[in-house]
Structure formats: C-alpha cells, structure tokens
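Read the structure below first, then the notes.
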C-alpha cells in the first residue's frame, strides 16, 4: 500500500529530523530518505488563492466517510497541480536567491507501506551546528524554545489517487501559538475497493482522523518532545464500492411491466363502466315497468314520476358515457408518459376499436331508450285523460 505525504512545517530543515515506522521499502520515485526541501512558509498570492480553494473544497468533506464530489471531479487535481508548481517555484527561488527568506521545510515523499501499525515523526534533531543556534544551548528542558511547529498539510493519503475524493487531512492547516506545542494525529485506515461501470477494480484506502494538541511543560509533569506525530493503523475490514447502472434488458422488462399493468387496470375499469351502463338501464326499465303495472285508478297521479324516471335513466346513460370518455383521456396521458412511440401507436389503435365498440353499444341502448319513450308516450295518453 502506497503512502503519500506532502506537508510544510514553519521551521528550517536543518533543525528538523524525520523518521517513519512501518515502511516496507521506498518507492522507485522516492529518494533514500524523506525529501526535505527548504522553502518559505508564507504563500504567494497565487498559491494562497489555490490553497484557499483546496480548504473550501475540504469543508464539503464529511468526516469519517468517503465523500465523492461528483461536480468537482477535475477540481482537486487542478488545485494540487498548481500547488505542486508553486511549491517547486518556492524551492527554486529559495535555492537561487541568496536573500530569500527561507523559514520553513517542505516534507514530502511516496512510500510502500506494510498494512501494519506505523508512525511518522517530525521533531528536532538531537544535535545541531553550534553556529546555527548562535550560542543557544539545546538540551532536554530547553529544546522546545525558539521554534515553530505551525504546519500545512497539502496531501496525505493511502493508495492511488481517485478523482473527486478529498481526504480528511488534504488542505489541513494548524497554527502553533506556543513554541512548546506537540501535535498528535491518530489515523484509522480502511482498505477500499472501487469497481467502476466497466468492471475495473481500484484498490485504495480511506481514513478517519482525530487530532489533539498538547503543550510540553516539564515543571507541570507534561513531558515529551515538541513536534508532529502521526500515528496510523489499519482496520481489519474492507469497504466495497460498486458502481452500477440499469441494463437495457431490465429497462425493457420494467416497460413491459408498466404496459401490462395499464392493460390490466384498463380491463377492470372497462368492465366496471360497462356494468354501470347496463345496470343503470335495467334499473330505469324496471322502474318504468313497475309504474306501468300500477292500476289505472292510481296511475294518473304518477305520470310526472314516469317522465322523471325516463329522464333519470337517460341522464345516467349519458353520465356513464362521459365517464368512459374521461377514462380514455387518462389512459392516453398514461400512454404518453410511459410508453415508447411504437407501443403508443398500437395502444391508440386498440383504444379506437374500444371506443367504436362502446359507441355501438350506446347506440343499441339508445334505440332501446327510444322504443321505451314510445311506450311511455302511448301509456301517457290514457293517464292524462
């Protein structure tokens, strides 16, 4: 597993010592040791702009969870490319200009790690040149004076880079307001396998991090050495992320299910509507026959009721036809929304045939209604006389 680190500490390289546990071997692109390059800690205006952009993107990252910025896939690499260019410029300017203010150290490198517990330490050297400290004697109690462990982490991650993934420590900056500060980082690494739509597998890692700051004070019993200490350990599990999309077969199967459901609902609705028309007509005819079977002496007072019953039967017939029409309009809207064009044409033809069938049925019922109107008109004459 590859570990890549790129951070800048606001202390000169000649005062710092770095070491790492858990390294299996150096990667071919790395040197024998961690690269330590003298730079200036203060960023140029252009570098500060891109650094602020990286920090803004980092704020969108959800801690302790792999977060994919689908809208910013190219933004991360663009920012890091510019940061790398500006870091190289700072290095060149520091080495070529004698009057350049070199007050920081850039620590970076790529390493092949064992999947075991490890630690990266950045602290003071045990011995320094006397001329470098200008009569400042360093020993256990006073080695923390006169130095600054403010640091800026540009990149820190495990495994290959994945477009759009922001690690928790990318764009992380910590200011030191006391020269005796000691910074701890505890990282829990979770191996991750990502499978894309083409079946390509990428093995990387995501991690969660907790950090704290402690001030070294030997008089108060807070012992230690000021510096930056990054501890990392691997979780005994793996996260699988698989990208998938709906196949054409599944899509066609869902379309067929929708069309079949529409046909089933249409058949049930048609049976219900047809039953309503026939039942309404039967009820109207039954009412008319009941009234006509009443003795003549009592029928003359119910002539208006006979007319009303016939009108009600006609009204029910028309209302049933209107309901059928509204039903066909809704079906057309459903077909337009869910069916492809070829299926829609076939459904429209079926609907036309169904409408023609219902029209013939209504015409047949209309002829029966006309016949009953003649019977009622013939029966009305003796009732009114």
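In this note's numbering, the protein residues as written are 4 to 388.
Ideal placement from N, C-alpha and C gives every residue a C-beta, glycine not left out.
| Check | Outcome |
| --- | --- |
| Beta carbon of residue 19 nearer than 8 Å to that of residue 122 | no |
| C-beta contact flag for residue 162 and residue 206 at 8 Å | yes |
| Enclosing beta strand (DSSP E) for residue 48 [first to last residue] | That residue, residue 48, is in no beta strand (DSSP E); its alpha helix (DSSP H) goes 48 to 62. |
| Nearest residue (CA-CA) to residue 226, options 184, 255, 209, 263 | 184 |
| Stretch pair the region 232 to 245 + the region 174 to 192: three plus CB contacts closer than 8 Å | yes |
| Pair within 8 Å by beta-carbon distance, residue 120 and residue 22 | no |
| Best match in 58, 158, 246, 39 for proximity to residue 204 [C-alpha to C-alpha] | 246 |
| Residue 227 in three-state terms, based on DSSP | coil |
| Complete runs of the beta strand (DSSP E) confined to the region 191 to 265 [at least 3 residues] | 204 to 218, 230 to 237, 242 to 245 |
| Contact under 8 Å by Cβ, residue 231 with residue 12 | yes |
| Which of helix, strand or coil DSSP assigns to residue 13 | coil |
| Cut-off 7 Å between Cβ atoms - residues of its own chain near residue 106, not counting five sequence neighbours on either side | 13, 15, 43, 44 |
| When 111, 210, 154, 179 are compared against residue 169, the one with the closest alpha-carbon | 210 |
| Limits of the unbroken beta strand (DSSP E) element including residue 125 | 121 to 127 |
| Residues near residue 381 by beta carbon distance below 8 Å, same chain, minus five either side | none |
| Residue range of the unbroken beta strand (DSSP E) whose run includes residue 115 | 107 to 116 |
| Alpha carbon of residue 160 to alpha carbon of residue 7, nearest angstrom | 6 Å |
| As assigned by DSSP and simplified to three states, the class of residue 24 | strand |
| Cβ neighbour criterion (16 or more within 10 Å) applied to residue 377 | exposed |
| Same chain, Cβ closer than 7 Å to residue 104, five either side skipped, listed in chain order | 43 |
| Extent of the continuous beta strand (DSSP E) run through residue 41 | 38 to 42 |
| DSSP state of residue 4 mapped onto helix, strand, coil | coil |
| Touching by the beta-carbon criterion (3+ pairs, under 8 Å), the region 169 to 179 and the region 43 to 63 | yes |
| Through-space distance from residue 9 to residue 180, alpha-carbon basis | 22 Å |
| Reference residue 41, options 111, 62, 24, closest by Cα | 111 |
| Span separating the alpha-carbon of residue 255 from that of residue 263 | 12 Å |
| Paired residues, beta bridge with residue 184 - DSSP | 218 |
| For residue 189, three-class secondary structure by DSSP | strand |
| Secondary structure of residue 164, DSSP reduced to three states | coil |
| Nearest candidate by alpha-carbon position, reference residue 213, set 222, 199, 228, 192 | 192 |
| DSSP three-state assignment for residue 104, whether helix, strand or coil | coil |
| C-alpha distance - residue 198 paired with residue 222, whole-angstrom precision | 55 Å |
| Contact under 8 Å by Cβ, residue 182 with residue 151 | yes |
| 6 Å Cβ shell around residue 156 - same chain, five flanking residues per side excluded | 10, 172, 175 |
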